[in-house]
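Residue numbers (the numbering used here): 3 to 323.
A virtual CB, placed ideally from N, CA and C, is assigned to each residue, including glycine.
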Ligand code: BMA
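This is the structure we're talking about:
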């Protein structure tokens, strides 16, 4: 195995699937402008993606696609799976960017997504056992908030949520805790933007945190504003397993960035936006599903041991900003 202790190797961690993009609006069974930013999980032995689909009015809803190998032969639901509900007014302008975890304690899948309310984006939760019947839980936290996921298990008896509120115009990643999924407290800033760096303008959680023996692996996006717009790149953080508000290591370098034409050209150029990840225990491989240029879905894979070795070689965290 190639050693990744040398940080110059950061851009070799992830390999793009040769058949990218794996899903595009051209495959859609109904009219759609773009399909991107999917949540991902294993369900009934298959890969299940819940995709953000933007319609021709510019509003988004969520639709399921399934595949046996997570790469090919996608079966796309013939109609939208989750559309704005009139009972939940905060969903008026659409549903975006889902993250899925199997919530052990509830024996349900928890899907956090962005509800685009007329007062700004906020984080909502829906629970399901079977991806057929969905129970809406409503808004978790007020606007402006995005990029949220629950941890897959309770920690010290409480649910844990990572999210990205905008406060004083600043976009840092935060963490908070709840005894019942309703009441959230013990708020702390977790991963701040780094002024001057590639992740200087905004940061936001990618897929749900991944539990490893070394800690919670967090894949996040960082945004820099350039002369031609926002550039979305990907970094890594390791959180303490039982005290997840403690950042153990954070990558200096980005580990994935727009490079291929489908990432550089699209509705929003220069965006890679991972929102789903599946660990294949047999291959010890992480499959990362990401929105490419807010237009299609890409897949990249990484060896779990190399990811962990790399993040552990990164500097111990020092809070900036
Ligand atoms: C973020 C989110 C994502 C989107 C990204 C790039 O703020 O809205 O849905 O992919 O911007 O446009």
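Check: Residues that residue 1 bridges to, as DSSP identifies them; Outcome: No answer is possible for residue 1: the residues shown for the chain start at 3 and end at 323.
Check: Beta-bridge pairing of residue 167 - partner residues as DSSP gives them; Outcome: 147
Check: Assumed close pair residue 12, residue 255 - CB separation to whole angstroms, cut-off 8 angstroms; Outcome: 4 angstroms
Check: Beta-carbon contacts of residue 136 that lie in its chain and below 6 angstroms, excluding the five residues immediately before and after; Outcome: 128 and 130
Check: Bridge partners - residue 274, DSSP secondary structure assignment; Outcome: 294
Check: Of the residues 24, 284, 191 and 268, the one placed nearest residue 76, counting alpha carbons only; Outcome: 24
Check: Those runs of the beta strand (DSSP E) which lie wholly inside the region 116–144 and span at least 3 residues; Outcome: 122–130 and 136–143
Check: Counted within 10 angstroms of its Cβ, other Cβ atoms place residue 171 as buried (16 or more) or exposed; Outcome: exposed
Check: Cβ neighbour criterion (16 or more within 10 Å) applied to residue 204; Outcome: buried
Check: Whether residue 293 touches residue 38 by CB criterion (8 angstroms); Outcome: yes
Check: Residue 167 classed as buried or exposed, judged by whether at least 16 other C-beta atoms fall within 10 angstroms; Outcome: buried
Check: Residue 177 classed as buried or exposed, judged by whether at least 16 other C-beta atoms fall within 10 angstroms; Outcome: buried
Check: Any non-hydrogen atom of the ligand BMA within 7 angstroms of residue 98 CB; Outcome: yes
Check: Length at least 3, wholly inside the region 32–70: the beta strand (DSSP E) runs in chain order; Outcome: 36–45, 48–56 and 62–69
Check: Below-8 angstroms beta-carbon distance, residue 302 vs any chain C residue; Outcome: In the structure shown, chain C cannot be found, because there is only a single protein chain.
Check: Short Cβ contact (8 angstroms threshold) for residue 175 with residue 207; Outcome: yes
Check: Whether residue 143 touches residue 105 by CB criterion (8 angstroms); Outcome: no
Check: Spatial distance of residue 14 from residue 89 (CA atoms); Outcome: 47 angstroms
Check: For residue 194 and residue 322, the rounded distance between their alpha carbons; Outcome: With a pLDDT of 47 at residue 322, under the threshold of 50, the modelled position of that residue is not reliable, and the figure given next carries that caveat. Taking the straight line joining both Cα atoms gives about 7 angstroms.
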